[in-house]
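Enquirer: Before anything else, here's the structure in question.
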Amino acid sequence: MSGARPRLLLSWSTGKDSAWALHGLRRSGDFEIAGLMSTTTGEADQSRVTIHGIGLTTLHAQARAVGLPVTEVHLPDPCPNDAYERAMSAFVAQARADGITHIAFGDLFLEDVRRYREEKLAGTGITPVFPLWGKDTRALSGEMIAAGLHARIVSVDLQQLDERFLGREFDTALLDDLPPSCDPCGERGEFHSFCYAGPMFTAPLAIDMGAVRRKAHFAHVEPRALDAVP
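Under this note's numbering, the first residue of the sequence shown is numbered 18, with each subsequent residue one higher.
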């Protein structure tokens, strides 16, 4: 009889790459996926997933739709790097105490990001996993779409991409419209997405899109899960 599979948490941004990493991890069967982990910021009922700006009610609805619990690591706003590292160190220590041996990330090719994660987890007893690492992003984006993944663009960096892409479906038409300077998966921060349906979901998540918000050189639109409970 084979032994128990190692227990893994998935770093969860709510976007397409996290969702696709979940799909790949489930198909591999190499790990027991114990849950998701999202970093959040903001006060009380205004708290949102960092970078993507997703409200907690929608985050929780999305987690239920993929059938996994989600742990929130709350960060101050603004969040200097030492505060971030303290919060993450406490989370990692608790995860290890709970029997977690691996944390997966949806990173694609940014070497400095991967190196940072590896350095911070070194010596903790938790091993980082990068299920999407090194994949060609044009091919990967097409693979996601062909498999039935559905996502909407919820944030754009206005220094890299026009605001007209905000709210659009992540589909072949969008890929064709992206400027040559933009990575098809937005890996350099050109855009961020919210995944609401796909092979990793038990059922599609019904959403509507809120008003556009602008801060510095970013524009955001917040998806809201319909008929969701906190």
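In this text, a Cβ means the ideal position worked out from N, Cα and C, and glycines have one as well.
1) Excluding five sequence neighbours on each side, which residues of the same chain lie with their C-beta closer than 6 Å to the C-beta of F218?
2) Given this structure, state the Cα-to-Cα distance separating I68 from A233, to the nearest angstrom.
3) Starting from the Cα of T57, find the closest Cα among C96, K33, H40 and give me that residue.
4) Could you tell me the alpha carbon to alpha carbon distance between L76 and A114, rounded to whole angstroms?
5) CB G184 to CB I170, shorter than 9 Å?
6) What residues match up with T88 in a beta bridge as DSSP calls it?
7) Rounded to whole angstroms, how far is the Cβ of A223 from the Cβ of L243, which I believe are closer than 8 Å?
8) What does DSSP give as the partner residue(s) for T219 in the beta ladder?
9) Taking C-alpha atoms, which residue in A104, L138, P86 lies nearest to H119?
Expert: Judging by the given coordinates:
1) Answer for F218: A82, V83, listed in chain order.
2) Approximately 13 Å, taken between the alpha carbons.
3) Checking every option, the nearest Cα to that of T57 belongs to C96.
4) In a straight line, the C-alpha of L76 is about 25 Å away from that of A114.
5) With contacts defined by Cβ atoms closer than 9 Å, G184 and I170 form a contacting pair.
6) Paired residues: M54.
7) Between L243 and A223 the Cβ distance is about 4 Å, and since that is below 8 Å, they are a contact.
8) None, per the DSSP bridge assignment.
9) Answer by Cα proximity: L138.
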